[in-house]
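Here the protein sequences line up with chains D and G, keeping their order. Quick note, the first sequence lines up with residues 165 to 475 if you use my numbering. Quick note, the second sequence lines up with residues 3 to 193 if you use my numbering. The block underneath contains the structure these notes are about, expressed in structure tokens.
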Amino acid sequence: MNCTEFERTLHEAVESRQTPDSMEFRSHVEHCSACLALWSDFLILDQVVPPWKRRTNDVDLVDRVVAQMRVQTSADLVGSVGADGVVPQPRIGVRQRWAVVAIAAAVLLLLLRPFGLGLQTSTPNSERDLSGVRDAAVRTDAGSLLVVVADGVPKFETRAGGQDEIREVDAFIEDAGSVYMGLAREAADTVRDVAFLFPTFEEQRVSVEPESTLPNWLDDFGENLQPIGRDVENAIEFLLDAVPGDSHPKTGQTGSSRNSWPMAFIHGVEITVMPRMADHRRVMRGQGGARNLQLRGTLCVAITQPEQRSC
Amino acid sequence: MDDNEVELVRSCLSGDEPSLREFVQRFQGLVFGLCVRMLRHREDAEDVAQEVFLRVFRNLDRWDQQRPLKPWLLTITGNRCRTALEKRSRQRMPPEFAADLASDLASENRSNDAIDFAEELQLALDRLRADYKTCFILFYEQELGCAEISEIMGCPQGTIKTWLHRARHELADYLKRRGLVAEVNNELHRI
Numbered sequence: 165m166n167c168t169e170f171e172r173t174l175h176e177a178v179e180s181r182q183t184p185d186s187m188e189f190r191s192h193v194e195h196c197s198a199c200l201a202l203w204s205d206f207l208i209l210d211q212v213v214p215p216w217k218r219r220t221n222d223v224d225l226v227d228r229v230v231a232q233m234r235v236q237t238s239a240d241l242v243g244s245v246g247a248d249g250v251v252p253q254p255r256i257g258v259r260q261r262w263a264v265v266a267i268a269a270a271v272l273l274l275l276l277r278p279f280g281l282g283l284q285t286s287t288p289n290s291e292r293d294l295s296g297v298r299d300a301a302v303r304t305d306a307g308s309l310l311v312v313v314a315d316g317v318p319k320f321e322t323r324a325g326g327q328d329e330i331r332e333v334d335a336f337i338e339d340a341g342s343v344y345m346g347l348a349r350e351a352a353d354t355v356r357d358v359a360f361l362f363p364t365f366e367e368q369r370v371s372v373e374p375e376s377t378l379p380n381w382l383d384d385f386g387e388n389l390q391p392i393g394r395d396v397e398n399a400i401e402f403l404l405d406a407v408p409g410d411s412h413p414k415t416g417q418t419g420s421s422r423n424s425w426p427m428a429f430i431h432g433v434e435i436t437v438m439p440r441m442a443d444h445r446r447v448m449r450g451q452g453g454a455r456n457l458q459l460r461g462t463l464c465v466a467i468t469q470p471e472q473r474s475c
Numbered sequence: 003m004d005d006n007e008v009e010l011v012r013s014c015l016s017g018d019e020p021s022l023r024e025f026v027q028r029f030q031g032l033v034f035g036l037c038v039r040m041l042r043h044r045e046d047a048e049d050v051a052q053e054v055f056l057r058v059f060r061n062l063d064r065w066d067q068q069r070p071l072k073p074w075l076l077t078i079t080g081n082r083c084r085t086a087l088e089k090r091s092r093q094r095m096p097p098e099f100a101a102d103l104a105s106d107l108a109s110e111n112r113s114n115d116a117i118d119f120a121e122e123l124q125l126a127l128d129r130l131r132a133d134y135k136t137c138f139i140l141f142y143e144q145e146l147g148c149a150e151i152s153e154i155m156g157c158p159q160g161t162i163k164t165w166l167h168r169a170r171h172e173l174a175d176y177l178k179r180r181g182l183v184a185e186v187n188n189e190l191h192r193i
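As structure tokens, then:
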């Protein structure tokens, strides 16, 4: 017997709750220290398991369990005993339950027949001639089951709440317009925050007045960052186009002649985003020496140096 | 198949209270024994055992009468014990509970050497991983075969055998470290 066979024999003895007793088994144990260790493990447990098994677990759960069953009033509890000792009937099985449900559904459908239940069809113009059809189950395109219980052609019925629905749709459109307004305003704020209102080079660009001592830094920025400016411009155009035409965002500006979008001071330079050329021209007339940079499209940006601005 | 068990179950399903009492009386040792081995706390074991019986009665109609009842009972018991252990591990053990648990562990009569072996083995069992421990308890205390244990624990029979042998090996190692080898040394000289 080799070690593999010894270990297999030992395992089989454990699983069958027996003690190996063959001569070759004993002979191998005497000559193999590794297998002797396995054998000692076997003997250790052989000694300690019986007293561990004999330890009794005295307990009386009968009264507790029965009392708890009385407390529970669920119909699913089998054999629950009432306070008066009357035992309710055992619950039905799962199959019987489904059979009851199916029978109840069939009875309900039959009971609905006298009431002439004509359900609205899925398509308003589906005036099919169903004369002579009684109690027919019609499967719609959507797969739902409609039961036609009345004779004649089914009519499309306008639901009583139609006007309410129209009002709801109008309110939804108004809400959507408000959402657009909010989005456009947020976009303008974002553009302002990053200070990347860069112009494209157009013939209309007006350079600063000769007597100005401020450096021509805007031209340098614009020259290097034209692609970003075009992307921003396109995004703002899209948002502004989506805004309803009669929307006038309030900017909180004190100037009565100004009806413009939010403005900001960036590096000491006032930047105003205006939606229309008319406003742009008004600003130009009121603020001499302003640097006017026109973006492609409907958006105009007036960048005014504070010391040149007329209050 | 035990006809007595089948008849008892049918009586319970009809709602006969004496049958219900007899059912609990017959299997409470089996159920509570596994609970107390797994949970190591008597009160918890009583609560879980009670819950096991309620669940058993709630689902007694689902028991396949062609199969033995004991493995089915122990399956439910093992699941409830596992749930209780997981719940206990998620909760912080209050100090008074820890004291109770320690008291339960030390409440054995130490004047009897045989009981000492039992306590040592139980302490060693507590150190095993849960599936090894369950397998060992079902095999030795409930005296179930590997095939029945595999059905209860939902594992292949080969896995159960592997767990059983590993559990034995770890228990023996622990007991040797505890110095119990000298107590059984005389047995090594039997052969």
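Built from N, CA and C at the ideal position, the CB exists for glycine as well. Note that this is a predicted model, so its numbers are computed, not measured.
Coarse secondary structure for residue i, derived from DSSP in three states
i      : result
Q211/D : helix
E171/D : helix
E45/G  : helix
H431/D : Legend: pLDDT at H431/D = 47, less than 50; position of this residue unreliable, value from coordinates given subsequently. Correct three-state label for H431/D: coil.
S21/G  : helix
P158/G : coil
V302/D : Caution applies to V302/D, whose pLDDT of 42 falls short of 50 and renders its modelled position unreliable; the value that the coordinates give is listed next. Of the three classes helix, strand and coil, the one that applies to V302/D here is strand, per DSSP.
N398/D : helix
M40/G  : helix
R64/G  : helix
L275/D : helix
S186/D : coil
G147/G : coil
N8/G   : The question names Asn, yet the displayed sequence has Val at residue 8/G. Three-state DSSP puts V8/G in a helix.
Q284/D : Confidence is the limiting factor: at Q284/D the pLDDT is only 46, short of 50, which leaves the residue's position unreliable, though a coordinate-based value still follows. In the structure shown, Q284/D sits in coil (DSSP, three-state: anything other than H, G, I, E or B).
S204/G : Residue 204/G lies beyond the range of chain G shown here (3 to 193); nothing can be said about it.
K178/G : helix
M165/D : coil
P70/G  : coil
Q236/D : coil
S180/D : coil
Q93/G  : coil
C196/D : coil
P413/D : Per-residue confidence for P413/D stands at a pLDDT of 42, beneath the threshold of 50, marking its modelled position as unreliable; the derived number appears in the next sentence. The answer is coil: DSSP assigns P413/D none of H, G, I, E or B.
R219/D : coil
L130/G : coil
L173/G : helix
L241/D : Because L241/D carries a pLDDT of 49, less than 50, the predicted location of this residue cannot be relied on, and no value is offered for it.
Residue of the options minimising C-alpha distance to residue i
i      : options                        : result
R69/G  : A86/G, E150/G, Y176/G          : E150/G
R162/D : W203/D, H195/D, S197/D         : Look at the range of chain D in this structure, 165 to 475, and you will see that residue 162/D is not part of it.
D222/D : A132/G, E24/G, L32/G           : L32/G
D2/G   : A120/G, R129/G, E7/G, R39/G    : This structure gives no information on residue 2/G, because the portion of chain G shown stretches from 3 to 193.
A126/G : C37/G, P73/G, R170/G, N81/G    : R170/G
C199/D : L174/D, L274/D, R181/D         : L174/D
F55/G  : T164/G, E24/G, D175/G          : E24/G
C137/G : C167/D, M165/D, E179/D         : E179/D
Q182/D : W216/D, F206/D, L273/D         : F206/D
Q27/G  : A269/D, P184/D, V229/D, E397/D : V229/D
R219/D : C148/G, E121/G, T164/G, G160/G : E121/G
T77/G  : Q159/G, L182/G, E153/G         : E153/G
Q211/D : R179/G, F119/G, L140/G         : F119/G
D176/D : R180/G, Y176/G, L182/G, H167/G : Reading off the sequence, residue 176/D comes out as Glu, not Asp. Nearest option by C-alpha distance: H167/G.
M187/D : A201/D, M165/D, S197/D, C196/D : M165/D
R82/G  : L140/G, C37/G, S91/G           : C37/G
E194/D : R259/D, A263/D, C167/D         : C167/D
A51/G  : D63/G, D18/G, K178/G, T85/G    : T85/G
S16/G  : F29/G, T164/G, R57/G, L62/G    : L62/G
L123/G : L71/G, H43/G, L22/G, L182/G    : L182/G
Integer-rounded CB distance, given that residue j should sit under 8 Å from residue i
i      : j      : result
Y134/G : V213/D : About 15 Å separates the two Cβ atoms, so there is no contact after all.
F34/G  : A47/G  : 6 Å
L225/D : L173/G : Wrong, their Cβ atoms sit about 30 Å apart, outside the cutoff.
E73/G  : L146/G : Just to set this straight, residue 73/G is Pro in the shown sequence, not Glu. At roughly 7 Å, the Cβ-Cβ gap stays under 8 Å, so P73/G and L146/G are in contact.
R129/G : Y176/G : 6 Å
L87/G  : L140/G : At roughly 16 Å, the Cβ-Cβ gap does not stay under 8 Å, so L87/G and L140/G are not in contact.
Distance cut-off 8 Å: residue i Cβ against heavy atoms of the ligand GDP
i      : result
Y142/G : Only the bare structure without any ligand can be found here, which leaves the ligand GDP out of the picture.
- Message: Please identify, using Cβ separations under 7 Å, the residues of the region 29-61 of chain G that lie next to chain D, in order along the chain.
- Response: Q30, G31, F34, G35, V38, E48, A51, Q52, F55, L56, F59, R60
- Query: Relative to chain D, which residues along the region 118-135 of chain G have a C-beta separation below 9 Å, given in chain order?
  - Reply: D118, F119, A120, E121, E122, L123, Q124, A126, L127
- Message: Beta carbons nearer than 9 Å to chain G: which residues of the region 226-238 of chain D have them?
- Response: V226, D227, R228, V229, V230, Q232, M233, Q236, S238
- Task: Scan the region 259-280 of chain D for residues whose Cβ lies nearer than 9 Å to a Cβ of chain G and list them as they occur along the chain.
- Result: none
- Query: What residues in the region 67-89 of chain G bring their beta carbon closer than 7 Å to a beta carbon of chain D?
  - Reply: none
- Task: Taking only beta carbons into account, state which residues of the region 140-172 of chain G come closer than 9 Å to chain D, listed in chain order.
- Result: F141, Y142, E143, E145, G147, C148, K163, L166, H167, R170, H171
- Between the region 394-406 of chain D and chain G, which residues of the former have CB atoms less than 7 Å from a CB of the latter, in chain order? none
- Taking only beta carbons into account, state which residues of the region 191-216 of chain D come closer than 7 Å to chain G, listed in chain order. V193, S204, D205, L207, I208, L209, Q211, V212, V213, P215, W216
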